[in-house]
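Residue numbers (our numbering): 36 to 354.
The beta-carbon is built from N, C-alpha and C at its ideal position, and this holds for glycine as well.
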Amino acid sequence: MEDAGLELAQLVSLGASYDAALAARWRVLPLYREDQPEARLKSLAPDVGLVVTSARVGLNADTLQVLPQVRAICSWGVGCDALPLAAARTRGIAVSNTPDVLSECVADMAWGLLLACARQIPEGDRYVRSGRWVAQGKFPLSTQVWGKRLGVLGMGRIGEAVARRGQGFGMTVRYHNRHARTDMPAYGYEPSLVELARWADFLVVACPGGAATRHLVDAPVLRALGPQGMLINIARGSVVDESALIPLLQSGELGGAGLDVFEHEPGAPEALMAIDRTVLMPHAASGTRETAGKMSQLVVDNLIAWQQTGRLLTPVVSS
Ligand code: 8YV
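Structural data, given as structure tokens:
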């Protein structure tokens, strides 16, 4: 037993049955019931040995600093940009996330946004509901999807699931990554993101967030994607420079954008809402009942594995 007697601080609920599974094994502090869970966590400091959080809620490095007993942080979600990875590494604290189980649903959402943007589905829906179909007649022509060029920024597990769907649509796929992947001969590697954007009809952002990728998709990349091109982001808002994106969409120098994530969440800039060629979602790409359950189960399984073996099932390996 790695953690006999340790307290487990829950900054987020995993759902009733998963919370109960935790409470059956550990002394749980359900801090998600409080107004300011992290502030409360700081005040409880000394006895907390395990922390359950999420990709969105995260954990601050300065909170970790006042928690001397913490041995493991288990996060719900794949993104690690809100987790104190450097501080955890220095102190030998194990950190897990929930990769793989969400990749297919996130890729589905990328495709939902891509199809919605290209075929103008939300616009068509508004056209029908507002009576303009009857009053004004035929809906304007939209953009073909099948057989087009799909660019993927970040060929990780989610990028791969996005690319696989592209093959079903008869698309040619290229990607940009820090390194070319030798295990993916079907997809072309493009060392320059601007060149990938110039080539692509649709550019899907699927790379991790954080300082290393901040504003990677900037004005030159968006200009290269061009008036017929469309940007899809299911990764992190921080990867796209919104102050460059908005004027290019307004002027028509970029064809459209399907966005599940934004620089300042919750919420999206009014300017993006005012543009017809955007499709906006409230950071919900992984948000299906099925996947949320798998993510919660994986958090519980990570904690049990850590308790029984001292090892996490899906540790975050930070570079
Ligand atoms: C989650 C996500 O909805 O996994 C991630 O990194 O962004 C989403 O799947 C959410 O952020 C988890 O808290």
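Contact between the segment 242-252 and the segment 161-169 is defined here as three or more beta-carbon pairs at a separation below 8 Å; is this criterion met?
no
Sub-8 Å separation of Leu238 and Gly264 beta-carbons
yes
Does the Cβ of Thr98 have 16 or more other Cβ atoms within 10 Å, making it buried, or fewer, making it exposed?
buried
Do you know how far the Cα of Ser331 is from the Cα of Gly50?
8 Å
Glu42 - DSSP class collapsed to helix/strand/coil
strand
Quick check: does the Cβ of Trp234 come within less than 7 Å of any heavy atom belonging to the ligand 8YV?
no
Among all the DSSP beta bridges, which residues are the ones paired with Phe237?
Leu185 and Met265
I need the DSSP call for Gly159, collapsed to helix, strand or coil.
helix
Run through the segment 272-308 for me and flag every whole beta strand (DSSP E) of 3 or more residues, listed as ranges in chain order.
291-294
Please name the residue or residues paired with Tyr224 in a DSSP beta bridge.
Tyr210
Within this structure, are the beta carbons of Val197 and Val229 separated by less than 8 Å?
no
Start-to-end residues for the alpha helix (DSSP H) that takes in Ala96:
Ala96 to Gln100
Quick one: is the Cβ of His299 within less than 7 Å of any heavy atom of the ligand 8YV?
no
Here's the rule I'm using: 16 or more other beta-carbon atoms within 10 Å means buried, otherwise exposed. How should Thr379 be labelled?
In the structure displayed, the chain extends from 36 to 354; residue 379 sits before or after that span and is not available.
With DSSP as the reference, label Ile128 as helix, strand or coil.
coil
For Val335, which beta-bridge partners are listed by DSSP?
Paired residues: none, contrary to the question.
Following a CB-centred definition, is Val334 positioned closer than 7 Å to any heavy atom of the ligand 8YV?
no
Use the C-beta contact count for Val379: other C-beta atoms within 10 angstroms, 16 or more gives buried, fewer gives exposed.
One cannot answer for residue 379 here, as it falls past the ends of the chain, which runs 36 to 354.
CA-to-CA distance, Leu57 to Val351, given in whole angstroms:
21 Å
Is Gly93 helix, strand or coil when you go by DSSP?
coil
Which residue marks the beginning of the alpha helix (DSSP H) containing Arg154, and which one marks its end?
No alpha helix (DSSP H) contains Arg154, which DSSP labels as neither H nor E.
Check whether the Cβ of Leu137 lies closer than 7 Å to any heavy atom of the ligand 8YV, and answer yes or no.
yes
With a 10 Å radius around its C-beta and 16 neighbouring C-beta atoms as the bar for buried, classify Ser89 as buried or exposed.
buried
Just to confirm before moving on: does the CB-CB distance between Ile269 and Val141 stay below 8 Å?
yes
May I ask you to list the residues that DSSP assigns as paired with Ala107?
Leu85 and Ala129
Three Cβ pairs or more, each shorter than 8 Å: is that satisfied between the segment 289-300 and the segment 148-155?
yes
By a C-beta neighbour count over all protein chains shown, 10 Å radius and 16 as the cutoff for buried, is Pro81 buried or exposed?
exposed
Outcome for Val169 when other beta-carbon atoms lying within 10 angstroms are tallied against a minimum of 16:
exposed
Can you find a heavy atom of the ligand 8YV that lies under 7 Å from the Cβ of Val87?
no
Cutoff 7 Å; reference Arg370; Cβ partners in own chain excluding five residues on either side:
The chain is shown only over 36 to 354; residue 370 falls outside these bounds and no answer can be derived.
From Leu41, Ala96 and Ser138, residue whose alpha carbon lies closest to that of Glu325
Ser138
If we ignore side chains and look at the alpha-carbon of each, how far apart do Leu79 and Met308 end up?
42 Å
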